[in-house]
Every structure is written in structure tokens, then in C-alpha cells.
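As C-alpha cells, the structure follows; a few thoughts come after it.
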Amino acid sequence: MLRWSILFFIVAIIAAVFGFGGIASSAAGIAKILFFIFIVLFIVSLIFGKARN
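Here the sequence shown stands for residues 296 to 348, numbered as in our numbering.
Next up, the structure:
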């Protein structure tokens, strides 16, 4: 999941260099969504990891 968010972040940066068009906003939007999904999954795994111990 982290790889996808990093990949879309890099795509957003490259698109920003070439101009803020449709692809830049799309890539940035996907990167934001994946980032928040990753954060939620990270927190859930921390909670369940503490519960097992």
C-alpha cells in the first residue's frame, strides 16, 4: 500500500512539473486517498497488534 501511495506521489510531482492539468489533480487525489487508507490500516494494525500481546 505504501508503494502505491509513493508511486502516485511521484506521478503527481512529475505531472506538476509539466503543468497542473487534469492528470496532476487526478494523481494527487489518488495519492491522498491511498495515503489516508494507509494511515488507517497502520492504526488498525497497531491496535490489533497491541490487543494480541
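We put the CB at the ideal spot given by N, CA and C, even for glycine.
Straight across, the Cα-Cα distance linking S320 with S300 is about 14 Å.
By the 16-neighbour rule on beta-carbons within 10 angstroms, L297 is exposed.
Around F303, the same chain offers A322, I325, A326, L329 as residues with beta carbons nearer than 7 Å, after the five sequence neighbours per side are excluded. Scanning its chain for C-beta atoms nearer than 6 Å, with the 5 sequence neighbours on each side dropped, one finds no residue around I332.
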